[in-house]
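Since the structure comes first, as structure tokens, the remarks are kept for the end.
Numbering (the working numbering), first residue to last: 42 to 241.
Here it is in structure tokens:
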């Protein structure tokens, strides 16, 4: 059985708080994965506006990052902020992590699109990027592409991942954070399969 932790607050707080709280539940997960969902997002070095789109994921190779840049540019998405995590790779079990992605985009002109159409466009963009990664040997993983949402997923123990990704530097905060420590019993480790999920 997996273990979940959720905290909401009026004042934004660090996801590292949730990870330290999960240390008391170590018997409920085995280090096979961590999922973090953040809403009510803020950055210390960028004035984020809640209507801006955030892309969360992992570029496993430089080629994947270049394809992502070309794809987004061709569709009119303007990169406004690229959060650079202070990664300690010695604490990350996986070796194919070229760049963790938390990127804020300004959307192209959406005149003539209803809210439903616009939201469907965002979902289809994420699915297209996911398929692109799958078509290239799984070199691009995209967890979410949505306003005011950050998804972070990685293999390993929650607190160790938090230290490895520098989440204790307080540069990312949120008002609602949900975390899952995964208990993997029957299936191979797949980052997409780690809860929580965000679709739309």
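The beta carbon of each residue, even a glycine, is placed where N, CA and C say it ideally should be.
In DSSP terms, what residue i is bridged to
i, result
"residue 141", "99"
"residue 123", "144"
"residue 192", "78"
"residue 44", "222"
"residue 181", "100"
"residue 186", "96"
Whether residue i touches residue j by CB criterion (7 angstroms)
i, j, result
"residue 216", "residue 50", "yes"
"residue 117", "residue 149", "yes"
"residue 94", "residue 141", "no"
"residue 137", "residue 101", "yes"
"residue 77", "residue 213", "no"
"residue 197", "residue 134", "yes"
"residue 129", "residue 222", "no"
"residue 183", "residue 170", "yes"
"residue 60", "residue 199", "yes"
"residue 218", "residue 96", "no"
"residue 89", "residue 83", "yes"
Secondary structure of residue i, DSSP reduced to three states
i, result
"residue 129", "coil"
"residue 61", "helix"
"residue 242", "The structure shown does not extend to residue 242, since the chain is modelled only from 42 to 241, so the question has no answer here."
"residue 49", "strand"
"residue 54", "strand"
"residue 88", "coil"
"residue 135", "coil"
"residue 116", "coil"
Where residue i falls, given that 16 or more other Cβ within 10 Å makes a residue buried
i, result
"residue 159", "exposed"
"residue 127", "exposed"
"residue 180", "buried"
"residue 74", "buried"
"residue 175", "exposed"
"residue 56", "buried"
"residue 167", "buried"
"residue 103", "exposed"
"residue 58", "buried"
"residue 114", "exposed"
"residue 185", "buried"
Which parts of the region 195–229 are runs of the alpha helix (DSSP H), unbroken and 4 residues or longer, counting only runs that do not cross its ends?
199–205
Quick one: complete alpha helix (DSSP H) runs, 4+ long, within the region 150–177?
156–176
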